[in-house]
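Here's the structure, in structure tokens; my notes come after.
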Amino acid sequence: MPDTHDLKPLDAYKRDAAKLLKAVRADDVSARDRFRRLENAPPGVQLKHALTVIAQEAGFPNWTALKSAAEEVDFSEIFAAPSLKDSINHWFRDYDAAKAHQQAHGGVLLPYRHQAFVTSLEILPRLGYEKDDPAWKDIGYDFIRPASTEALTRIKARLSRRLTAKF
């Protein structure tokens, strides 16, 4: 599945599906070809079928999966929230450089859109965690490529509940 940072807003996918449906109803050959990928393609094309085609073209198995991914909390925006911007952050274009810095100097490796940054453990109490929180230790203080996906799931759930209202 694609990186959630690469997703367009959900409304853009809905507009694309509506345009695709309109093109199919106007008997556009290329639009009809896009529907051939659907398993059990129905004879009467509806918006729900166009949404499925759009989702599959975006790399998702169906519309529900795309919708869930698009509606997921964007943690990179939370980590870069104004209330956390006074932290000293070391920014990197790619994950590998950020990971090398983290391994050499410590800290927490976090995402921001297509970039990565490393900040001190001081950010954790501001996110509602102790500096030595077991879940953060379990992920290796690496939110992008965690050592434990189970621990990351717990962290994301807690951050979602706590931070979406706060920031």
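Mind the numbering: the sequence shown is residues 0 to 166 in numbering that gives the first Met the number 0, read in order.
We put the CB at the ideal spot given by N, CA and C, even for glycine.
Which same chain residues, not among the five before or five after residue i, have their C-beta less than 6 Å away from its C-beta?
{"i": "LEU9", "result": "ALA69"}
{"i": "ILE154", "result": "ALA134"}
{"i": "SER119", "result": "GLY106"}
{"i": "VAL117", "result": "HIS89, ALA97, HIS100, GLN101, GLY106 and LEU108"}
Secondary structure at residue i, three-state DSSP: helix, strand or coil?
{"i": "ALA156", "result": "helix"}
{"i": "PRO110", "result": "strand"}
{"i": "PHE78", "result": "helix"}
{"i": "VAL52", "result": "helix"}
{"i": "LYS66", "result": "helix"}
{"i": "PHE116", "result": "strand"}
{"i": "ASP141", "result": "strand"}
{"i": "PHE59", "result": "coil"}
Report buried or exposed for residue i, applying the criterion of at least 16 other Cβ atoms within 10 angstroms of its Cβ.
{"i": "ALA146", "result": "exposed"}
{"i": "PRO110", "result": "buried"}
{"i": "ASP141", "result": "buried"}
Might you give, ordered along the chain, the residues of its own chain that have their beta carbon closer than 7 Å to the beta carbon of residue i, omitting 5 neighbours on each side?
{"i": "LEU19", "result": "ALA30, ARG33, ALA49, VAL52 and ILE53"}
{"i": "LEU65", "result": "TYR12, ALA54, ALA57 and PHE59"}
{"i": "ALA16", "result": "LEU46, ALA49, LEU50 and ILE53"}
Going straight from the alpha carbon of residue i to that of residue j, what length do you get?
{"i": "HIS113", "j": "ALA11", "result": "20 Å"}
{"i": "LYS130", "j": "ILE138", "result": "13 Å"}
{"i": "LEU170", "j": "ASP27", "result": "The requested residue 170 is not part of the displayed model; the chain covers only 0 to 166."}
{"i": "ALA115", "j": "TYR128", "result": "21 Å"}
{"i": "ALA80", "j": "ALA22", "result": "41 Å"}
{"i": "GLN45", "j": "ARG144", "result": "39 Å"}
Does the ligand SAH have a heavy atom nearer than 8 Å to the CB of residue i?
{"i": "PRO145", "result": "The model depicted lacks the ligand SAH and carries no ligand whatsoever."}
With a CB to CB cut of under 8 Å and the five nearest residues on each side skipped, what residues in its chain are close to residue i?
{"i": "LYS47", "result": "TRP62"}
{"i": "ALA156", "result": "none"}
| Are the region 71-86 and the region 50-58 touching by the rule of at least three beta carbon pairs closer than 8 Å? | no
| Validate contact between the region 90-101 and the region 27-40 using beta carbons, cut 8 Å, 3 pairs | no
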